[in-house]
Structure formats: C-alpha cells, structure tokens
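Data block below; observations after.
Numbering (the working numbering), first residue to last: 72 to 131.
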C-alpha cells in the first residue's frame with residue numbers, strides 16, 4: 072500500500088448523484104450558461120469524434 076495521501080472529496084470533486092440531463096444542459100446553454108455546452112461536448116466527445124472522422128475520413 073502506498074503512503075501517499077488521498078485528497079479529500081469535496082463538493083467540487085464529488086460525483087453528482089443526479090447529474091443534469093442533456094436536455095437540461097442544452098436549455099442551460101440556450102439561457103447563457105457557458106459551461107453547459109462544454110459539459111455536453113465532454114460527455115459525448117468520443118461519439119462526436121467518431122462522427123467527424125467517419126464524415127471527413129481524415130483524423131486531422
């Protein structure tokens with residue numbers, strides 16, 4: 072076992088029990104919440120990348 076200390080779980084690092092739905096995030100983005108769109112992108116990054124790659128055929 073490592074002697075390294077584990078950082079405490081705080082409100083900022085604790086997982087959300089009821090994370091917002093995509094619909095909630097989209098509404099928040101429309102209402103001006105700048106972080107909501109980033110959350111959507113992060114949540115669906117792999118799928119977005121796959122669609123872009125399939126559409127363009129070029130990873131660059």
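The beta carbon of each residue, even a glycine, is placed where N, CA and C say it ideally should be.
Here the alpha carbons of residue 76 and residue 128 stand approximately 46 Å from one another. C-alpha of residue 122 to C-alpha of residue 111: approximately 15 Å in a straight line. Here residue 99 has 107 as same chain residues with Cβ atoms under 6 Å from its own Cβ, once five neighbours each way along the sequence are excluded. Where residue 98 is concerned, the enclosing alpha helix (DSSP H) starts and stops at 93-101. In summary, residue 96 is buried, with 16 or more beta-carbon neighbours lying within 10 Å of its beta-carbon over all protein chains present.
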